[in-house]
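Comments concern the structure below.
Residue numbers (the numbering used here): 4 to 288.
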């Protein structure tokens with residue numbers, strides 16, 4: 004069993020159809036906004052202040068609201084107000100589904116409760132995985148920074164679905180971005196396997212504009228996305244006494260040539276997901 008977004012949970016339970024889920028999520032795009040956008044709309048921050056906070060976020064793993072307070076742009080009471088305005092995705096999705104008549108209130112209440120209980124149980128299993136897995140500090144730190152890049156800078160909520168060990172557990176999508184790491188008597192290969200949609204999202208994040216074609220510039224931007232995330236992970240590990248040297252990232256198109264994991268002795272795989280896509284990060288030790 005793996006962690007799932009609430010919409011996917013409802014779909015798998017047969018509570019809604021895929022078409023109705025897509026329609027509800029499209030409606031949500033105009034409702035759910037990042038905290039920085041909400042702050043601008045409410046007149047609490049200027050666009051320039053939001054840019055400064057985002058720039059500072061790229062240097063650390065601290066949250067937007069925490070930095071806004073420390074930088075003197077917001078009071079904690081204002082941050083709390085913004086967080087309340089930024090309703091949770093699960094509740095917001097439920098409200099949209101109810102308003103369209105796609106789900107009854109009693110069914111929604113029951114499934115929200117069941118989903119929360121399931122997520123808490125699976126969260127415990129994922130925590131155990133990161134405690135027991137080979138080279139746990141490396142796996143956890145690199146995974147955390149990749150999620151930060153997707154969620155905070157790419158505005159694409161990302162979560163861990165499941166952690167597994169073994170070469171056959173890695174889902175090889177169309178694009179694989181790999182990067183060699185070496186240091187502290189350890190050498191491993193980091194790889195991110197994504198479908199076309201996610202690769203374009205990565206490129207769009209780096210260009211700060213919508214990218215719709217996987218051309219050479221988009222592939223270079225996706226490599227830089229990985230390079231930035233991994234650079235932050237290496238900085239975090241170096242603070243704990245682990246020093247790693249990164250080679251330039253490489254991109255592979257699996258429709259042209261199958262990516263091989265046979266050279267690795269051990270492979271640790273973490274399955275990731277956004278509301279509308281799945282992808283994997285893996286570590287070849």
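Glycine is no exception: its CB is placed at the ideal position from the N, C-alpha and C atoms.
Asked	Found
Using DSSP with H/G/I as helix, E/B as strand and the rest coil, what is residue 102?	helix
Do you know whose CA, among 184, 218, 266, 14, lies nearest residue 236's CA?	184
For residue 156, which option in 109, 61, 114, 75 has the closest C-alpha, if you only look at C-alpha atoms?	61
For residue 166, which three-state DSSP category applies?	strand
Comparing C-alpha positions only, which one of 49, 88, 11, 207 sits nearest to residue 27?	11
On the three-pair Cβ rule with 8 Å, is the segment 141 to 157 touching the segment 268 to 285?	yes
Going by the beta-carbon positions, is the gap between residue 133 and residue 193 smaller than 8 Å?	no
Indicate whether the contact test is met: 3 or more Cβ pairs, each with one atom in the segment 72 to 89 and one in the segment 39 to 58, closer than 8 Å.	yes
Over what stretch of residues does the beta strand (DSSP E) that includes residue 195 continue unbroken?	189 to 197
Under the rule that 16 or more other beta-carbon atoms within 10 Å means buried, what is residue 68, buried or exposed?	buried
On the CB-based measure, 16 or more other CB atoms within 10 Å of its CB, does residue 124 come out buried or exposed?	exposed
Return helix, strand or coil for residue 263, following the three-state DSSP convention.	coil
Quick one: what does DSSP say residue 274 is sitting in, helix, strand or coil?	strand
Beta-carbon within less than 7 Å of residue 160's beta-carbon, same chain only, minus the 5 sequence neighbours each way: which residues are those?	92, 154, 277, 278
In this structure, how does DSSP classify residue 250 when only helix, strand and coil are distinguished?	coil
Can you tell me where the alpha helix (DSSP H) holding residue 28 begins and where it ends?	21 to 31
Report the CB separation of residue 19 from residue 100 in whole angstroms; it is logged as a contact under 8 Å.	7 Å
Give me whichever residues DSSP pairs with residue 71 in a beta bridge.	Residue 71 is not bridged to any residue.
In this structure, does DSSP put residue 216 in helix, strand or coil?	coil
Within the 8 Å Cβ cut-off, does residue 133 reach chain D?	Among the chains of the structure shown, chain D does not appear; only one protein chain is present.
For residue 167 and residue 98, I'd like the C-alpha separation in whole angstroms.	35 Å
Which residue comes first and which comes last in the beta strand (DSSP E) that contains residue 283?	280 to 287
Suppose the cutoff is 6 Å on Cβ atoms and the five residues either side in sequence are ignored; what does the same chain contact list for residue 255 look like?	179, 262
Since residue 114 contacts residue 16 with CB under 8 Å, what's their CB separation in whole angstroms?	7 Å
When the Cα atoms are used, what is the spatial distance from residue 73 to residue 53?	13 Å
Would you mind giving the Cβ-Cβ distance between residue 196 and residue 176, rounded to the nearest angstrom? I have them listed as a contact below 8 Å.	5 Å
Nearest-angstrom Cα distance between residue 136 and residue 234?	22 Å
Just confirm the distance between the C-beta atoms of residue 129 and residue 163, as a whole number of angstroms; I'd bet it's less than 8 Å.	6 Å
Keeping to the same chain, check which residues put their C-beta closer than 7 Å to that of residue 217; ignore five residues upstream and five downstream.	199, 202, 203
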